[in-house]
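Participant:
Residue numbers (my numbering): 848 to 1411.
Structure (structure tokens):
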């Protein structure tokens, strides 16, 4: 295992994220944001980039999803043993929360690439005997608790994480904030740069904000207003009193409440959205800021099914580090591609049966929808006209696999899970359909590689990017999606997949086009022209797998965000 001193000596960039999907056994992620951060780390290791990753220990994980007999979700802790996967480091620092010291211990997980390069992942832990019982739980539950709990977590991540790196001997030149959760890091940097007394705003110091901007890059991921963490200044004063005067924070984070996104925007010299469309939306939300676009990507070696990788190796040797080589996959033979896909599909069918007891038919197409269960993702759009689904399935049978967790505080998401289970009962005997609980890394891998059609139906323009569709495309699974997030950059109608609706369309238009294309275009193609379907699978891999790679994404971050 590489030594901490070696990491500290060469590392110049620090990537902060509330969640990072490091490996399936480490429950330090909830969904797409964490999976993206994990792919970022894997590509950084592959490419030998000098980056350290900082996140929370999240001892109790995000949630374990249990579904009762009536289809209601119940959220339980999802614990894991940090000592099995990380090494405790001999450094402890304290941050003051509510006037008392909260001690933080870092753990080190060295993420090592097949290339031999490693990057350090630092996990922050408050489960220490020096802390009060209340403070020991701060790093227990990812996105758990109330607003006060979330603020404490963001203090530990941003302020504590910055101080931990300093204490461990890292000399960081660029801090990359993956979402606004770590925005208090920039405030911690400000405190290292006092310049003069303030005038007219109390007796505190002014700070050199421009120096901090040169050190910070910020990636925003959500066009949904509720996704931007906000805290009352009374709450901030109670938890962080004396750290920085409220009058100064208001200049950086908003007058009414501390908006973590605005704080990050105002203290970062490089800001980006995660798709071209998302950057346009973010610029409309924050017109005073120059927001660039670096579209997300996925780590090909992690998400390509093992059955496909020999084909990739033969036609595109070196594709793991140079995804552009996958352009040669349009030369794959129909039979060898179909046999590899059948193997991936068989694995998904086995997992479905093992989890649910339902045996899907390998001869029928599998349509999959797997997203975080929340209203703007519109998980019920496909199911909004059960009679129409029955009619379509009577002529061209198909199967549906759905998965996704709802945050415990998201009543709309929990209601959607319940409604999906009602629809499963209603469609029984007409449309084979299953909901798989505990959507995560392993189940996600099986779904993005073993499905035949990947459905995505968010309400535009509320999708930031959407990396699950990229993973599906890499495996030759065809996308059927609204034109939002990344899909507008990859969509070629009837070539890489299909679009649902046009810009500006609403629920009714999208529902009708979803059903019409499924009935008149997609399913007839599956049953009537398998050669054309296979041709589209090859176009999906060769045109999308080449472009939407986390290697490409990290090369852009290195040249545009870090080397400035």
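Every residue gets a Cβ at the ideal spot worked out from N, C-alpha and C, and that includes glycine.
Does the Cβ-Cβ distance between residue 1083 and residue 1321 come in under 8 Å?
Facilitator: Locating residue 1083 in the chain shown gives position 236, counting from the first residue. Locating residue 1321 in the chain shown gives position 474, counting from the first residue. Going by C-beta atoms, residue 1083 is not nearer than 8 Å to residue 1321.
Participant: Measuring CA to CA, which of 893, 859, 1140 is closest to residue 1170?
Facilitator: Position 323 of the chain shown holds residue 1170. Comparing Cα positions, the closest option is 893.
Participant: Among 1132, 1032, 887, which one has its Cα closest to the Cα of residue 1149?
Facilitator: What you label residue 1149 is simply residue 302 of the chain shown in a count that begins at 1. Here the closest residue by C-alpha is 887.
Participant: Mark residue 953 as exposed unless 16 or more other C-beta atoms lie within 10 angstroms of its C-beta, in which case mark it buried.
Facilitator: Taking the chain shown and counting its residues from 1, the one referred to as residue 953 is at position 106. Residue 953 comes out buried.
Participant: Could you round the C-beta distance between residue 988 and residue 1076 to whole angstroms and report it? I think they count as a contact, below 8 Å.
Facilitator: Counting from one through the chain shown, the residue named residue 988 turns up at place 141. Counting from one through the chain shown, the residue named residue 1076 turns up at place 229. Their Cβ separation, rounded to whole angstroms, is 16 Å, which puts residue 988 and residue 1076 out of contact at 8 Å.
Participant: If you draw a straight line from the alpha carbon of residue 1095 to that of residue 1056, how long is it in whole angstroms?
Facilitator: Taking the chain shown and counting its residues from 1, one reaches residue 1095 at position 248. Taking the chain shown and counting its residues from 1, one reaches residue 1056 at position 209. Cα to Cα, the separation comes out at about 11 Å.
Participant: May I ask you to list the residues that DSSP assigns as paired with residue 1303?
Facilitator: To locate residue 1303, count along the chain shown from 1; it is residue 456. Per DSSP, 1328.
Participant: By Cβ distance, which residues of its chain are closer than 6 Å to residue 905, with the 5 residues on each side in sequence left out?
Facilitator: The residue labelled residue 905 in the question sits at position 58 within the chain shown. Closer than 6 Å at the Cβ level, and outside the excluded window around residue 905, lie 875, 989.
Participant: Cβ of residue 1239 within 8 Å of Cβ of residue 1214?
Facilitator: Within the chain shown, residue 1239 is the residue found at index 392, counting from 1. Within the chain shown, residue 1214 is the residue found at index 367, counting from 1. No; because the gap between Cβ atoms is not below 8 Å, this pair is not in contact.
Participant: Helix, strand or coil for residue 1399? Go by DSSP, reduced to three states.
Facilitator: Residue mapping note: residue 1399 aligns to position 552 of the chain shown, counting from 1. Of the three classes helix, strand and coil, the one that applies to residue 1399 here is helix, per DSSP.
Participant: What's the gap between the Cα of residue 1386 and the Cα of residue 1379?
Facilitator: Here residue 1386 is taken as the residue at index 539 of the chain shown, counted from 1. Here residue 1379 is taken as the residue at index 532 of the chain shown, counted from 1. Distance between the alpha carbons of residue 1386 and residue 1379 is about 10 Å.
Participant: Answer yes or no: do residue 1004 and residue 1023 have a C-beta to C-beta separation smaller than 8 Å?
Facilitator: In the chain shown, the residue the question calls residue 1004 occupies position 157. In the chain shown, the residue the question calls residue 1023 occupies position 176. Their beta carbons are not under 8 Å apart, which means residue 1004 does not touch residue 1023 by this criterion.
Participant: Is the beta carbon of residue 920 less than 8 Å from the beta carbon of residue 929?
Facilitator: What you label residue 920 is simply residue 73 of the chain shown in a count that begins at 1. What you label residue 929 is simply residue 82 of the chain shown in a count that begins at 1. In this structure, residue 929 does not lie closer than 8 Å to residue 920 by Cβ.
Participant: Write down every uninterrupted run of the alpha helix (DSSP H) in the region 1207 to 1286 whose length is 4 residues or greater and which is fully enclosed by it, in chain order.
Facilitator: Complete alpha helix (DSSP H) runs here, min 4: 1233 to 1242, 1258 to 1273.
Participant: So what does DSSP say about residue 1407, is it helix, strand or coil?
Facilitator: Position 560 of the chain shown, counted from the first residue, corresponds to residue 1407. Note: residue 1407 maps to helix in three-state DSSP.
Participant: According to DSSP, is residue 1017 helix, strand or coil?
Facilitator: Position 170 of the chain shown, counted from the start, is the residue given in the question as residue 1017. Here residue 1017 sits in coil by DSSP.
Participant: What three-state label does DSSP hand residue 1393 in the structure shown?
Facilitator: Within the chain shown, residue 1393 is the residue found at index 546, counting from 1. Looking at residue 1393 - three-state DSSP - the assignment turns out to be coil, as it is neither helix nor strand.
Participant: Quick test of the definition: if touching needs 3 or more C-beta pairs under 8 Å, does the region 1221 to 1230 touch the region 1263 to 1275?
Facilitator: Yes, since at least three Cβ pairs between the region 1221 to 1230 and the region 1263 to 1275 fall closer than 8 Å, the two stretches touch.
Participant: Give the secondary structure of residue 961 by DSSP, where H, G and I count as helix, E and B as strand, and everything else as coil.
Facilitator: For the purposes of this step, residue 961 is taken as the residue at position 114 of the chain shown. Residue 961 falls in the coil class under three-state DSSP.
Participant: Under a three-way DSSP split, which group does residue 1144 fall into?
Facilitator: Translated into the one-based positions of the chain shown, residue 1144 becomes position 297. Residue state, collapsed to three classes: coil.
Participant: Quick check on residue 1045: does DSSP put it in helix, strand or coil?
Facilitator: Here the question's residue 1045 lines up with position 198 in the chain shown. For residue 1045, the predicted model reports a pLDDT of 46, less than 50, meaning its position is unreliable; a value from the coordinates is still stated below. Coil, per DSSP.
Participant: For residue 897 versus residue 860, is the C-beta spacing smaller than 8 Å?
Facilitator: On the chain shown, position 50 is the one that residue 897 refers to. On the chain shown, position 13 is the one that residue 860 refers to. Contact: yes.
Participant: According to DSSP, is residue 1104 part of a helix, a strand, or is it coil?
Facilitator: If you number the chain shown from 1, residue 1104 lands on position 257. Correct three-state label for residue 1104: strand.
Participant: Determine the direct distance from the alpha carbon of residue 881 to that of residue 1241, and round the result to whole angstroms.
Facilitator: In the chain shown, the residue the question calls residue 1241 occupies position 394. In the chain shown, the residue the question calls residue 881 occupies position 34. Each residue's Cα considered, the two are about 40 Å apart.
Participant: With a CB to CB cut of under 7 Å and the five nearest residues on each side skipped, what residues in its chain are close to residue 1223?
Facilitator: Within the chain shown, numbered from 1, the residue matching residue 1223 stands at position 376. So the list reads 1071, 1305, 1306, 1309, once near-sequence residues are dropped.
Participant: How many Å lie between residue 869 and residue 1124 at the Cα?
Facilitator: Start at 1 with the first residue of the chain shown, and residue 869 comes out as number 22. Start at 1 with the first residue of the chain shown, and residue 1124 comes out as number 277. If I take the Cα positions, the gap works out to 28 Å.
Participant: From this set, 939, 1352, 1192, which residue's C-alpha is nearest residue 1155's C-alpha?
Facilitator: As a working mapping, residue 1155 is identified with position 308 in the chain shown. Ranking 939, 1352, 1192 by Cα distance to residue 1155 puts 1192 first.
Participant: Compare the Cα-Cα distances from residue 1281 to each of 1289, 1292, 1267 and report the closest residue.
Facilitator: As a working note, residue 1281 is residue 434 in the chain shown. Closest option to residue 1281, Cα to Cα, is 1267.
Participant: Judging by CA-CA distance, which residue of 1331, 1236, 973 is the nearest neighbour of residue 1366?
Facilitator: Taking the chain shown and counting its residues from 1, one reaches residue 1366 at position 519. The shortest Cα separation from residue 1366 among 1331, 1236, 973 belongs to 1236.
Participant: Touching or not, the region 945 to 960 and the region 972 to 979, by the rule of three or more beta carbon pairs under 8 Å?
Facilitator: Counting Cβ pairs under 8 Å, three or more are found: they touch.
Participant: Sort 936, 1289, 1114, 1210 by Cα distance to residue 1033 and report the nearest one.
Facilitator: The residue labelled residue 1033 in the question sits at position 186 within the chain shown. Residue 1114 is the option with its Cα nearest to residue 1033.
Participant: Quick check on residue 1386: does DSSP put it in helix, strand or coil?
Facilitator: What you label residue 1386 is simply residue 539 of the chain shown in a count that begins at 1. Residue 1386: helix per DSSP, three-state reduction.
Participant: Are residue 942 and residue 1000 close, meaning C-beta to C-beta below 8 Å?
Facilitator: Residue mapping note: residue 942 aligns to position 95 of the chain shown, counting from 1. Residue mapping note: residue 1000 aligns to position 153 of the chain shown, counting from 1. No. Outside cutoff.
Participant: Can you tell me which residues form a DSSP beta bridge with residue 1062?
Facilitator: In the chain shown, counting from the first residue as 1, residue 1062 sits at position 215. Per DSSP, none; premise fails for residue 1062.
Participant: Using 8 Å as the cut-off, can you tell me whether the region 1388 to 1405 makes contact with the region 1162 to 1180, which would need three or more C-beta pairs spanning the two stretches below that distance?
Facilitator: Output reads yes: the region 1162 to 1180 touches the region 1388 to 1405.
Participant: Report the rounded CA-to-CA distance for residue 1349 versus residue 854, giving the unit in angstroms.
Facilitator: For the purposes of this step, residue 1349 is taken as residue 502 along the chain shown, with counting starting at 1. For the purposes of this step, residue 854 is taken as residue 7 along the chain shown, with counting starting at 1. Near 48 Å, if we compare the C-alpha coordinates of residue 854 and residue 1349.
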